[in-house]
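Read top to bottom, the protein sequences are chains A and B. The opening residue of the first sequence carries number 453 in our numbering; numbering runs sequentially from there. The opening residue of the second sequence carries number 199 in our numbering; numbering runs sequentially from there.
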Amino acid sequence: MKVFYFLYGLWVLMMDIPGKQFFLFDPLSLFFLFVICVISLPSAVYSIGYFSPKGNPPAAEDSHYPPAKIILAWFLLFVFVLSMALVVTTNNVLAFLVFWEIMSLVSYFLVVFDTKHEKSINAGMIYIVMTHIGTAFLTAAFLIMYRYSGSFDYLAIKNACQTMPLGTKNTVFLLLLTGFGTKAGVVPLHIWLPYAHPQAPSHISSIMSGVMIKTAIYGIIRFVIFILGVNSSWWGVLILILAVISCLVGVIYALMEHDIKRLLAYHSVENIGIILLGVGLAMFFISLKLPYLAVFSLIAGLYHLINHAIFKGLLFLCAGSVYKATGTRDMEKLGGLIKKMPQTAVYFLLGAMAISALPPLNGFVSEWLTLQAFFLGALNVTGGVKLFLGICAAMLALTSGLAAACFVKAFGITFLAQPRSHYAKDAKEVSLSMKAGMFFLSFLTVIFGLAAVRIVKLLAKVAGAAAGLDISKMNFSVNNFTLSPQTGKGIYLSMPLLGLILVLLGLSGFMIYKLFSRRKAVIYKTWDCGYYKTGPRNEYTATAFSKPFRIAFSFFLLPYRRTQKVRESFYHVKSFTYETHTTKVFKKYIYDPMLALVFKTAKSMRRIQPGSIHLYLGYIFVTVLLLIIFMRNF
Amino acid sequence: MKIVLFISQLILFIGLAPLLSGLITRIKNNIRMRKGQSVFQPYYNLAKFFSKGEVVSDTASWIFRVTPFVVFSSSLAAALFIPVFIFSSPALHIGDFLVLIFIFALGRFFLALAALDTGSAFGGMGSSREMFISSLVEPALCLAIFSLSLEFGSTDITAFSGMHPVSVSSFAASATLFLVTLAETSRVPVDNQETHLELTMVHEAMVLEYSGRSLAIIEAASYIKQMVLFFLIAQVIFPIGLPAISGPVQSALWVLWYLIRIIIIAAAVALVEVTVAKMRLFRVADFLGFAFILGVIAVVCAVLGV
């Protein structure tokens, strides 16, 4: 099947090159191409160290990769990155589908790369089923578009969409949203994401979470905003609602997770939500004919997109380093790694600060822009819409608060205090190539924070081109240091100054500290209430840390306990196990019943397939007969 | 000239911050029919901490050491944003009200990490609870700012610091800010600054391992943070400004007027602390839910224009 697709893609390529230009290098495509390159490069460098047998913990002897497999990984990585690059630069719907499919298939092979684990196979299965359901929706949307345009070319379709009836347009929008939403991991289509992303090798997780799900955002911007054109305001509202749900569901599940990579995967669901808040707002403002705000919101969304690519890529690489050094991803078994792996700890901390939107790093700028887009938007609309925008903004604030809590947990439990097991005790700092990859991305988190004005200016071009709006009269900054939207008065954000002030004030605090240092600090054990010995078992755990959240959100998480006593006799309990679980609502109430239905249907279908060849011949005969009648009459 | 004024404003602001805490404690004691400590007790405490030695846990890493400075830096940076008598200071071009929230989040993030760093169960407990409360505070705070932004057309802090008409919306917003401030400055009914009982403490549990100079810096930072939040409420809830006369007289009057407002709010906080019982941790979610609803009411009123 794959070979067929590939050949067909080649054929399309051949047929199209002479007449039309096959590639599209407008600002939107170039922007996504940049995102792909900027994450793939450090991830590729990182993978050198990740695959090398050096530095594996003694416990994980079996996790060595044979040389043939490493070559295969490089090949798959190459095809994966290439297919993503082609997805965002092609100018042809058919070619888009072909590359989209190659991207999905190659990433499937990368998800199941560690074939030894049964988990990988299951994760891959869920992934490939979900991604194909998504592709089916996309194909349907593209076929409808083709019916109106008679061409697969973007611009031809764009022209044809001007005259498309509204009902069809709405259908196409919903099909596209479902298709791309599946790839992006929008709730409730996110089900595959937390399984698939953590199972791949870490540099692949980094590319999948950092870049691949962003190609779906590209799809939404390209096909909905650029080609289809937004003219109903409920499109934007629908995306905003889905985005808010994704944000909250993503972050609440992430808080419950203590597998460090799966925690990050759930945060991808959350951050896709934040990106879609920007995109949805932009669509909403386009339909209301507010071009400045539309461009501003789209800038916010795109800015968060590249920021998320950077810090999520970084965090996955760091999580990979932890996995490589310790052989486990379970946070409850880690701890104290800041002393064993000082550099990885710094990189992880930077990533955690960026994703928690703390100044002066990059995540903060894009969340500020998104919030401002809501605030400014509310000043320009009327009535109840203001309240709607306000509540969306408040939910974004809640999300960022919960994300901060989650990363206090992720960093604090993994890297701080004492090691909770031998896995963490024997950890060593990772190799140079891995550190180089992480350094590059953590450097970018700082740069993309401080150079906010310049980046916003560049993104304005991308947003303007994507939304088809004229940006020559729009202004987003006071000078080279200070962001300030044109429509609001007195709203400023100067990242370089903010960073400088934070550093200077921190230093002044240090000076005061030094000024009074008459006595040296005494190093002594942690206060233990007079008890003679505290150890790692007294430390707070990830599960305990998230307990308040589990109780506060119990209406959604539906937590339950499993306890088991092993008794030696009636009076003597030998061991006692206690587990806390949360119910995965979407799986239990949507996907499981759906699967059950599929199996039920398949079972009843079995009745017409009893294995008798005479019956089958009969079927064929009846089918032919029916077809002949059909052809005659219609 | 402007720089001098700006710095004097900052020094005044920081200098008076511990006094505010002393004042609240004093008012609380007096309401309870006790004689109470001196209002300058926080200064004595700071002086004491600075002169004492320091103990650092042997499981702690550099995060624990760096945190006091990060917390101090974040509180002080927030103080830069508050206009006491300078209304066009260069610092106001750094950021708006929203930036202020994120700056506080920076300090809180590090404090929560430092609490986990020592490996003590108290620290973890404090850290977990603090992040729980602060994350639920965010939406209410955001809505309060949102309604102010709707009313004054901007998230700029100076936009609502002068004279503005009395409205239901800004009243509801300041009530929201008041509840948020109770939570953020660890006051009853959310937290209790006076106790070190392990079952109830939140903020105190986080800083339990700090001593000496580091503790002094963290305490100073929390005084400043409290001052900043009180100023914000004062600006919103009292719509009466002063006529625009320039010169030192007007500035002095402004400072005086601010002090009166702050004292009124301090008295209100003290009254709440004395009369209300501390809530269970999980009731705090309801408390902040109430703050959120108040925020929604503020937005609705702002939309209706009342």
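No residue lacks a Cβ here, since even glycine has one placed at the ideal position from N, Cα and C.
field: Residues bridged to residue 1016 of chain A [DSSP beta-bridge criterion]
entry: To locate residue 1016 of chain A, count along the first sequence from 1; it is residue 564. Bridge partners of residue 1016 of chain A: A:1029.
query: Can you give the Cα-Cα distance for residue 471 of chain A and residue 571 of chain A, rounded to whole angstroms?
result: Residue mapping note: residue 471 of chain A aligns to position 19 of the first sequence, counting from 1. Residue mapping note: residue 571 of chain A aligns to position 119 of the first sequence, counting from 1. Residue placement at residue 471 of chain A is flagged as unreliable, the pLDDT there being 44, under the threshold of 50; the coordinate-derived value follows with that caveat. One C-alpha to the other measures close to 48 angstroms.
message: Considering only the alpha carbon of each residue, which of B:319, B:216, B:349 and B:201 lies closest to residue 425 of chain B?
response: Locating residue 425 of chain B in the second sequence gives position 227, counting from the first residue. The shortest Cα separation from residue 425 of chain B among B:319, B:216, B:349 and B:201 belongs to B:216.
- prompt: List, in order along the chain, the chain B residues whose C-beta lies closer than 8 angstroms to that of residue 990 of chain A?
  reply: Residue 990 of chain A sits at position 538 when you count from the first residue of the first sequence. The answer, in chain order, is 317, 318 and 319.
- request: Kindly list, in the order they appear in chain A, the residues whose Cβ is closer than 8 angstroms to that of residue 214 of chain B.
  value: Position 16 of the second sequence, counting from 1, holds the residue named residue 214 of chain B. Going along chain A, no residue has its Cβ under 8 angstroms from residue 214 of chain B, so there is no contact; the nearest lies around 18 angstroms.
message: Against chain A, does residue 307 of chain B count as a neighbour if the rule is that its beta carbon must be under 7 angstroms from one of theirs?
response: As a first step, residue 307 of chain B must be located in the second sequence, where it is residue number 109. Interface residue, yes.
query: For chain B, is any of its Cβ atoms less than 7 angstroms away from the one on residue 995 of chain A?
result: The count along the first sequence starts at 1 and reaches residue 995 of chain A at position 543. Output row for residue 995 of chain A: interface = no.
field: Completely contained alpha helix (DSSP H) runs for the segment 877-951 of chain A, where each covers 4 or more residues
entry: Listed in chain order, they are 884-902 and 904-919.
query: Mapping DSSP to helix, strand and coil, what is residue 552 of chain B?
result: Because chain B spans 199 through 504 in this model, residue 552 of chain B falls outside it and cannot be assessed.
- request: Could you spell out the range, first to last residue, of the beta strand (DSSP E) harbouring residue 974 of chain A?
  value: For this step, residue 974 of chain A is matched to residue 522 along the first sequence. Where residue 974 of chain A is concerned, the enclosing beta strand (DSSP E) starts and stops at 974-976.
- request: Name, going along the chain, the residues of the segment 252-263 of chain B whose beta-carbon falls closer than 7 angstroms to a beta-carbon of chain A.
  value: Cβ contacts with chain A: 252, 253, 254, 255, 256, 257, 259 and 261.
- request: Kindly confirm or deny that the segment 538-547 of chain A and the segment 476-488 of chain A touch, where touching means at least three C-beta pairs closer than 8 angstroms.
  value: The segment 538-547 of chain A vs the segment 476-488 of chain A: in contact.
- request: Pick helix, strand or coil for residue 1034 of chain A, following the three-state DSSP scheme.
  value: As a working note, residue 1034 of chain A is residue 582 in the first sequence. Strand.
- prompt: Within the 7 angstroms Cβ cut-off, does residue 766 of chain A reach chain B?
  reply: Your numbering for residue 766 of chain A matches position 314 in the first sequence. No, its Cβ sits nowhere closer than 7 angstroms to a Cβ of chain B.
task: Return the chain-ordered list of same chain residues with a C-beta closer than 6 angstroms to the C-beta of residue 809 of chain A, the five sequence neighbours on each side being excluded.
output: One-based indexing of the first sequence puts residue 809 of chain A at position 357. Taken in chain order, the residues that qualify are 815, 816, 819 and 852.
- prompt: With 16 as the cutoff for other CB atoms within 10 Å, does residue 1062 of chain A come out buried or exposed?
  reply: Here residue 1062 of chain A is taken as the residue at index 610 of the first sequence, counted from 1. Its Cβ having fewer than 16 others within 10 Å, residue 1062 of chain A is exposed.
message: Count Cβ pairs between the segment 956-976 of chain A and the segment 232-246 of chain B that sit closer than 8 angstroms; are there 3 or more?
response: Three or more beta-carbon pairs separated by less than 8 angstroms are not found between the segment 956-976 of chain A and the segment 232-246 of chain B, which leaves the two stretches without contact.
- prompt: Among A:925, A:786, A:580 and A:753, which one has its Cα closest to the Cα of residue 907 of chain A?
  reply: Along the first sequence, one-based indexing puts residue 907 of chain A at 455. Here the closest residue by C-alpha is A:753.
task: Go ahead and pull the three-state DSSP assignment for residue 471 of chain A.
output: As a first step, residue 471 of chain A is located in the first sequence; it is residue number 19 there, counting from the start. Any reading at residue 471 of chain A must be qualified, since the residue scores a pLDDT of 44, below 50, and its modelled position is unreliable; the value itself is stated next. In the structure shown, residue 471 of chain A sits in coil (DSSP, three-state: anything other than H, G, I, E or B).
- prompt: Would you say residue 1003 of chain A and residue 480 of chain B are within 7 angstroms of each other, going by their C-beta atoms?
  reply: Position 551 of the first sequence holds residue 1003 of chain A. Position 282 of the second sequence holds residue 480 of chain B. For residue 1003 of chain A and residue 480 of chain B, yes; Cβs fall inside 7 angstroms.
message: Taking beta-carbon pairs under 7 angstroms, can you tell me which members of the segment 936-960 of chain A lie near chain B?
response: Within the segment 936-960 of chain A, the qualifying residues are 940, 941, 942, 943, 944, 945, 946, 949, 950, 953, 954, 957 and 958.
- prompt: For a contact meaning CB atoms closer than 8 angstroms, what does residue 291 of chain B contact in chain A?
  reply: The residue you call residue 291 of chain B lines up with position 93 of the second sequence. Identification of chain A residues near residue 291 of chain B by a Cβ-Cβ cut-off of 8 angstroms yields 930, 934, 944, 946 and 949, ordered along the chain.
message: So, for residue 994 of chain A: in the same chain, excluding its five sequence neighbours on each side, which residues have a beta-carbon less than 6 angstroms away from its beta-carbon?
response: Counting from one through the first sequence, the residue named residue 994 of chain A turns up at place 542. Counting only Cβ-Cβ distances below 6 angstroms, and skipping sequence neighbours, we find 710, 783, 784, 861 and 865.
message: Is residue 499 of chain B close to chain A? Criterion is C-beta to C-beta, closer than 7 angstroms.
response: Here residue 499 of chain B refers to the residue found at position 301 when the second sequence is read from its first residue. So no, residue 499 of chain B is outside the interface.
Assigned exposure category for residue 931 of chain A - 16 Cβ within 10 Å defines buried: Sequence index remark: in the first sequence, residue 931 of chain A carries index 479 (1-based). Residue 931 of chain A is exposed by the Cβ-count criterion.
- prompt: Can you name the residues that DSSP bridges to residue 1011 of chain A?
  reply: Position 559 of the first sequence holds residue 1011 of chain A. Answer by DSSP bridge pairing, in chain order: A:1034.
- prompt: In chain order, what residues of the same chain lie with their CB nearer than 8 angstroms to the CB of residue 311 of chain B, ignoring the 5 residues before and after it?
  reply: Within the second sequence, the letter at position 113 stands for residue 311 of chain B. Once the five neighbours on either side are set aside, the close Cβ partners of residue 311 of chain B are 261, 265 and 325.
query: What is the DSSP secondary structure of residue 354 of chain B, reduced to helix, strand or coil?
result: Residue 354 of chain B sits at position 156 when you count from the first residue of the second sequence. Coil, per DSSP.
query: Out of curiosity, what's the CA-to-CA distance linking residue 787 of chain A and residue 588 of chain A?
result: Along the first sequence, one-based indexing puts residue 787 of chain A at 335. Along the first sequence, one-based indexing puts residue 588 of chain A at 136. The alpha-carbon separation between residue 787 of chain A and residue 588 of chain A amounts to approximately 45 angstroms.
field: Residue range of the unbroken alpha helix (DSSP H) whose run includes residue 233 of chain B
entry: The residue labelled residue 233 of chain B in the question sits at position 35 within the second sequence. Here residue 233 of chain B belongs to no alpha helix (DSSP H), and DSSP marks it neither H nor E.
task: With residue 497 of chain A as the anchor, note down where its alpha helix (DSSP H) starts and where it stops.
output: Residue mapping note: residue 497 of chain A aligns to position 45 of the first sequence, counting from 1. Boundaries of the alpha helix (DSSP H) harbouring residue 497 of chain A: 479-503, taken from the DSSP string.
Spatial neighbours of residue 272 of chain B in its chain, beta-carbon cut-off 7 angstroms, leaving aside the 5 residues before and after: Translated into the one-based positions of the second sequence, residue 272 of chain B becomes position 74. Once the five neighbours on either side are set aside, the close Cβ partners of residue 272 of chain B are 301, 302, 304 and 305.
field: residue 275 of chain B and residue 370 of chain B closer than 7 angstroms at C-beta
entry: Stepping through the second sequence from its first residue, residue 275 of chain B is reached at position 77. Stepping through the second sequence from its first residue, residue 370 of chain B is reached at position 172. No, the Cβ-Cβ distance between residue 275 of chain B and residue 370 of chain B is not below 7 angstroms.
- prompt: Which class does residue 1085 of chain A belong to by DSSP, given the choice of helix, strand or coil?
  reply: Within the first sequence, numbered from 1, the residue matching residue 1085 of chain A stands at position 633. Note: residue 1085 of chain A maps to helix in three-state DSSP.
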